[in-house]
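Q: Pasting a structure here, questions to come.
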Amino acid sequence: MMDGLLTEALSQGLWASLFVSLYLYQLQESRRLQAEARNREDRLTDFLKDISKQFEILAKQYERLSDDVQIIKSEIRERGN
Numbered sequence: 001m002m003d004g005l006l007t008e009a010l011s012q013g014l015w016a017s018l019f020v021s022l023y024l025y026q027l028q029e030s031r032r033l034q035a036e037a038r039n040r041e042d043r044l045t046d047f048l049k050d051i052s053k054q055f056e057i058l059a060k061q062y063e064r065l066s067d068d069v070q071i072i073k074s075e076i077r078e079r080g081n
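For the sequence shown, this note's numbering gives the first residue as 1, with consecutive numbering after it.
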């Protein structure tokens, strides 16, 4: 299809062939950029999922640490009385 389009553009003159070749180049470049953007978006989504999992782990560790501190506080209060 592209060969036929270029052949027809060449028969119409230099400016038509230049326009068609630049148009086809733009289409190919647009597809490449879309693929790169999709790949980048997938990597960022994976990164965010990983960060979310790590945050959940840190939140659980913080809860355990907070519970341990409360236990230590209550033991210190009991010994003080």
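Glycine included, C-beta positions come from ideal geometry on N, C-alpha and C.
Small disclaimer: the values here were computed from a predicted structure and weren't measured.
Use the C-beta contact count for A9: other C-beta atoms within 10 angstroms, 16 or more gives buried, fewer gives exposed.
A: The residue you call residue 9 lines up with position 9 of the sequence shown. Label assigned to A9: buried.
Q: Which of helix, strand or coil does DSSP assign to G13?
A: On the sequence shown, position 13 is the one that residue 13 refers to. Here G13 sits in coil by DSSP.
Q: For L58 and Q34, what's the separation of their Cα atoms in angstroms?
A: Taking the first residue of the sequence shown as 1, we reach residue 58 at position 58. Taking the first residue of the sequence shown as 1, we reach residue 34 at position 34. Those two C-alpha atoms are separated by around 36 Å.
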